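Here's the structure we're looking at; comments come further down.
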Amino acid sequence: MRKLTVAIDGPAGAGKSSVAKVLANRVHYLYIDTGAMYRAFTWAVLEKGIDLSDEKAVRDLVDTIDIRLEPQADLCRVYVGPTEVTEAIRTQRVSSHVSAVAALAVVREKLVKLQQAMAKEGGVILDGRDIGTVVLPQADLKIFLTASVDSRARRRYLEVQAKGGSETYEEIAASIAARDDMDSHRTVSPLKKADDAIVVDNSDLDLEQTADVILGLMKERG
Ligand code: C5P
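Have a look at this one:
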């Protein structure tokens, strides 16, 4: 199979990163978690106490920040400068601020360029919100991965419980619905299915079944 560029977009909690990791492992592709990059930027904003309405401070951070992804077999390590933030970017605090940060054009411009540079050799799977529409409009395969709010919230609730977290199902469902709303209604690069993307609804599919469906589509394109 030739080395494809694969774009997986979709709403929060649809399992994009889990399925992208499974696929990348199966076909030995590089997995690029673009959400992790927006989260890393958000982590730095919070760490420095930057007010998002302070355009100069945001621009300075855009100009100086060094975000690196180190993809490994089943984990994508994330660094801001020398600091590893792989775990720190998954906190509720970062989750609740990331959509506002990701709505800033100046931030998107910088991260999109980085993502395009990382993807240019092919053999990559990128997941995010605007991969098929903005980052890689020429991607060989575009998937729009989605599932009902209820099934996305149920899955995340089970994950949270397994880790001993205390968030309720209702809180998780409300947070997913709020992020969907912000991500789809922002002015810059809203979450939107590319015209040529294939919709995969995995409300009733598990991870391996979802990966099988996408792998089948990759084989057709390869
Ligand atoms: O994928 P994940 O849920 O970790 O992404 C976190 C947030 O980053 C999303 O809710 C969205 O606001 C933003 N994002 C984005 N564009 C991308 C990837 C993520 O705006 N390509």
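Each residue of the sequence shown is one higher than the one before, starting from 1 at the first, in the UniProt record's numbering. A virtual CB, placed ideally from N, CA and C, is assigned to each residue, including glycine. Note that the structure is predicted; figures quoted are calculated from it, not measured.
Do the region 148 to 166 and the region 130 to 138 meet, that is, are 3 or more Cβ pairs less than 8 Å apart?
Segments in contact, no.
Check for me: the beta strand (DSSP E) holding V98 runs from which residue to which?
No beta strand (DSSP E) contains V98, which is instead part of the alpha helix (DSSP H) from 92 to 102.
Meets three-Cβ-pair contact criterion under 8 Å: the region 20 to 37 and the region 115 to 126:
Yes, the region 20 to 37 touches the region 115 to 126.
Answer with buried or exposed for D206, where buried requires no fewer than 16 other C-beta atoms within 10 angstroms of its C-beta.
Burial call: exposed.
Would you check if the distance between the CB atom of S18 and the CB atom of S96 is smaller than 9 Å?
Annotated as distal: S18 and S96, with beta-carbon spacing of 9 Å or more.
Answer yes or no: the CB of V45 versus the heavy atoms of ligand 1, is any distance below 8 Å?
No - ligand 1 has no heavy atom lying nearer than 8 Å to the Cβ of V45.
Test item: CB-CB of A12 and R179 under 9 Å
The answer is yes: Cβ separation under 9 Å.
Buried or exposed for Q15, please, with buried defined as at least 16 other CB atoms from any protein chain shown within 10 angstroms of its CB.
A small correction: the amino acid at residue 15 is Gly; Gln does not occupy that position in the sequence shown. G15 comes out buried.
Mind checking whether I65 and K110 have CB atoms under 9 Å apart?
Result yes, Cβ atoms of I65 and K110 sit closer than 9 Å.
Closest Cα partner of A105 within the set E121, A119, T210, V58:
Of the listed residues, the one whose Cα sits closest to A105 is V58.
D183 beta carbon near ligand 1 (any heavy atom closer than 8 Å):
Result yes, Cβ under 8 Å from ligand 1.
Tell me the residue span of the beta strand (DSSP E) that contains L145.
Annotation: the continuous beta strand (DSSP E) that includes L145 extends over 141 to 146.
At a cut-off of 8 Å, is Y31 close to ligand 1 when judged by its beta-carbon and the heavy atoms of the ligand?
Distances between the C-beta of Y31 and the heavy atoms of ligand 1 are all 8 Å or more.
Do Q138 and T5 have their C-beta atoms closer together than 9 Å?
Taking 9 Å as the Cβ cut-off, Q138 and T5 qualify as a contacting pair.
Chain-order list of residues whose beta-carbon lies under 8 Å from that of V107 (same chain, five-residue window excluded):
Same-chain partners within the cutoff: Y38, F41, V58, V62, V101.
Which class does A7 belong to by DSSP, given the choice of helix, strand or coil?
DSSP places A7 in the strand class (E or B) of the three-state scheme.
Determine the contact status of K142 and A211, defining contact as a CB-CB distance below 9 Å.
Taking 9 Å as the Cβ cut-off, K142 and A211 do not qualify as a contacting pair.
For G10, does the count of other Cβ atoms within 10 angstroms reach 16, so buried, or fall short, so exposed?
That one is buried.
Determine the DSSP secondary structure at Y29, reduced to helix, strand or coil.
DSSP places Y29 in coil when its eight states are reduced to three.
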